[in-house]
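Right, one structure below, let's go through it.
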Amino acid sequence: MTSKKRGRLKNLTAGRPPTARKPNSISRKATKTLINSHHLLEKKKAQAIARGDREAESAIDNEIAAFGGIETYQLASLQGQRLDRGGDSSRVLMEWLKPVESAFHSSTNTRLRMLEVGALSTTNACSRSGIFDMERIDLNSQSDGILQQDFMKRPLPKGESERFDIISLSLVLNFVPDAMGRGAMLLRTLDFLKQFAVESSSDLHGLFPSLFMVLPAPCVTNSRYMNEVHLELIMTTLGYVKARSKITQKLVYYLWVRKSPVQSPLATFKKIELRSGHSRNNFAVVLRGLSG
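Read in order, the letters of the sequence shown correspond to residues 5 to 296 in the working numbering.
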């Protein structure tokens, strides 16, 4: 009986990480190595494409395939979502929403629309909350409940009814291989979020429309080109205000609320060294405004 039960749990790894510990899993060290290697190869591939070096691009594709491709990367990411490894990042979002939970269940409020970019699971905390009408997308869907789609190529909303109250970019921005692409992704979130409300008596007004963003902590705490102040300057330029934040040893969590129009003309944020030292990483976000 025990072996059959474990077998059923193992079959769920394609798209829905179980809350129980699986007998056959990737070690923490192997998971970290695989994810970091995949990120590095994707970055090198983007650089090869920018140079027009097809031979290098093909060679890097072969390296990615040798690691198991995007499927193996996603398996490693699912391992990171397991409860015994820190669990589901959307649990932090749900904790932040507890003080206004009663407003969600008011008869005058309908479910909020949420777009989860880079979704790996259909059973995470926000999916189970009953608060959101979920729409999930990922470059390489591993579940029937997740649409295979590139956020940067997603058709633009035709009207306000197709926009979202909240967008989740949990461990997504760091996967974009270049700094300019990260800036473009942040700017594009505004195309899919509902317009900010000038005034509202709703308890939810202070938290929506919003962007829930999770990054590896070193992207902010140990980057040569990024720190907390610089990130907040970029987000403020886009019309966001930081409503909530949490920093742990491994991750940084943010809830950015859309409060104002994009700065006009859009300011330029270049790749400028903010910290020196050989131990720093190169995570950066570049915004190209009219002045850049």
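Where is the CB? At the ideal position from N, CA and C, for every residue including glycine.
Separation of residue j from residue i, as counted between CA atoms
| i | j | result |
| --- | --- | --- |
| K274 | S165 | 35 Å |
| R279 | H234 | 12 Å |
| T241 | C130 | 28 Å |
| K48 | I64 | 7 Å |
| W260 | E67 | 37 Å |
| V290 | K102 | 34 Å |
| I150 | L124 | 8 Å |
| A24 | N128 | Its pLDDT being 35, under 50, A24 is placed unreliably in this model, and the value from its coordinates should be taken loosely. C-alpha separation (whole angstroms): 14 Å. |
| S283 | E105 | 43 Å |
| V180 | D154 | 12 Å |
| D88 | T252 | Note that D88 scores a pLDDT of 35, beneath 50, so its modelled location is shaky and nothing firm can be said. |
| P22 | L173 | Here P22 scores only 38 on pLDDT, less than 50, and its place in the model should not be relied on; the value that follows carries that caveat. If I take the Cα positions, the gap works out to 22 Å. |
| R248 | G163 | 28 Å |
| S133 | L116 | 11 Å |
| V176 | R186 | 9 Å |
| L215 | A60 | 36 Å |
| Y258 | I53 | 32 Å |
| A188 | K157 | 12 Å |
| G210 | F108 | 13 Å |
| D182 | P269 | 23 Å |
| F212 | I170 | 7 Å |
| R58 | M184 | 21 Å |
| T225 | L160 | 34 Å |
For residue i, the nearest candidate out of the options (CA to CA)
| i | options | result |
| --- | --- | --- |
| A69 | R55, E59 and L45 | L45 |
| K254 | C223, L237, R228 and K48 | C223 |
| S94 | I135, L190 and F108 | I135 |
| S147 | T126, L160 and R132 | T126 |
| P220 | E67, A288, F155 and T114 | A288 |
| N178 | M217, I171, F212 and P159 | M217 |
| T272 | L191, S264 and L208 | L191 |
Beta-bridge pairing of residue i - partner residues as DSSP gives them
| i | result |
| --- | --- |
| Y257 | V218 and K250 |
| Y244 | R262 |
| R140 | E120 |
| I238 | Partner(s): none; I238 has no beta bridge. |
| S165 | Paired residues: none, contrary to the question. |
| F273 | L291 |
Check whether residue i and residue j have beta carbons under 7 Å apart
| i | j | result |
| --- | --- | --- |
| G293 | V266 | no |
| F200 | R262 | yes |
| K246 | E232 | no |
| S227 | N285 | yes |
| V121 | K250 | no |
Query raised in the report: Are the region 137-144 and the region 191-200 touching, with three or more C-beta to C-beta distances below 8 Å?
Result: no
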